[in-house]
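Below is one structure, written out as structure tokens, with a few remarks after it.
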Amino acid sequence: MSEIEIKHLTKTFDREGLVVEALKDINLRIEAGDIYGIIGMSGAGKSTLVRCLNYLEKPTSGQVVISGQDLGTLSERELRKRRSDIAMIFQHFNLLMQKNVLDNVRFPLLLQKVDKRKSKERARELLRLVGLSEKEKAYPAQLSGGQKQRVAIARALASNPNILLCDEATSALDPQTTASILDLLKQINGDLGITIVLITHQMAVVRKICNRVAILEHGVLVENGSVEEIFNHPKSRAARELLLRDLPEYGENGSMPERLDRMQAGRKLRIVFSGHSAFEPIIANLVLACHAPVNILRADTKNVGGYAKGEMILGLPDDRRLQREMESYLKEKGVEIEEVIGDV
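Take the sequence shown: its position 341, counting from 1, is numbered 936 in my numbering, and each next residue is one higher.
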């Protein structure tokens, strides 16, 4: 049995007489122990979906089933109790500014009337887990953004949840701090076995720690599967656009780089490296084998354990025969390829 099952979930809002359909017939299964990414651009319905998972937003229709229990069948009292198993962290931390770090972490336990001594012991245990033992007497205003998010994570874990929902939990942080928070979430998932559902608009975040991902566009689930499968073979326009936005040198306003947008002649190919030696010059060898140049329009290829991991956008020459020859060469080398069409 899946830990989280979303069945035909729809959510509409009435905005001054205008009905807005935020989610449309969403169906998903999330297994126990997954780190599951839900990704989409702004307005895709991601945050609405994650709030439906703990019934902070009640679906207009459909079901959310947690460990076999339909949340829609619970009374308000039963729902409050069930939510202790479904913790949540947010983009802006939501800490109590007038309380110190220790009391922020203890707060859920105090609401549950846990013994004062036991609540302090539990809070200190969690502060050790997130690497903030020395900050227990500090106040949120004295902490960096990354430290505040670590406190929020510790507080979310206070009641021993089975599920942790993360709503854009790293989008307010710089890249280095984001990486450290994602490493912490991965550690928590591994050490405690907590299922993590991570809402983001950044494919780099999904690629770093998620094993499965769902892609939303305008409230519709357009694609879902393993991160590797979607990275290597994106089927939807939304997935391809998110992958392109994840590459370096994207336009400052999020638009297609002018250099790529101008290249109407020839073909543009996205190629994926997933296991070649980092010392094997595939593109250089392609040029030598075909006796023709290619343009590397963008690239994000890293050496991971001696192997190339990443992707490139190549601009091929106009000559159709050369294009076919180059594609055949890349396929022979086991490189995943797909055509980039238009502004996607």
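Yeah, the Cβ is synthetic: ideal placement off N, Cα and C, and Gly gets one too.
In the structure shown, Val889 adopts coil according to DSSP, grouped into three states. Of the candidates Lys863, Ile601 and Arg916, the residue whose Cα lies closest to the Cα of Glu933 is Lys863. Ranked by how close their Cα comes to the Cα of Val696, the residues Arg717, Lys676 and Met683 have Arg717 in first place. Note on Ile891: under 16 other CB atoms within 10 angstroms of its CB, so exposed under the neighbour-count rule. Counting only residues of its own chain and dropping the five nearest sequence neighbours on each side, Val822 has a CB closer than 8 Å to the CB of Gly632, Val801, Arg802, Cys805, Asn806, Arg807 and Val808.
Taking 8 Å as the cut-off, the beta carbon of Glu931 is found closer than this to the beta carbon of Ile866. Note on geometry: alpha-carbon atoms of Thr795 and His886 lie some 43 Å from one another. Leu704 is a Cβ neighbour of Ala753, given a cutoff of 8 Å.
In this chain, the alpha helix (DSSP H) harbouring Val696 covers Val696 to Leu706. When secondary structure is reduced to three states using DSSP, Arg624 falls in the strand class. For Arg677, there is no enclosing beta strand (DSSP E); the residue is found in the alpha helix (DSSP H) stretching over Glu671 to Arg678. Taking a C-beta distance under 8 Å as the contact criterion, Ile758 and Glu652 do not qualify as a contact pair.
C-alpha of Ser662 to C-alpha of Asn622: approximately 16 Å in a straight line. Secondary structure at Arg610: strand, using DSSP grouped into helix, strand and coil. Per the C-alpha coordinates, the member of Val889, Gln693 and Ala764 positioned closest to Asp914 is Val889. Taking a 10 Å sphere around the C-beta of Thr668, we find fewer than 16 other C-beta atoms and assign the residue as exposed. Put simply, the backbone Cα of Gly785 is about 25 Å away from that of Asn827. In the structure shown, Tyr734 falls within a coil segment according to DSSP collapsed to helix, strand and coil. Per DSSP, the unbroken beta strand (DSSP E) holding Glu933 starts and ends at Glu931 to Val935.
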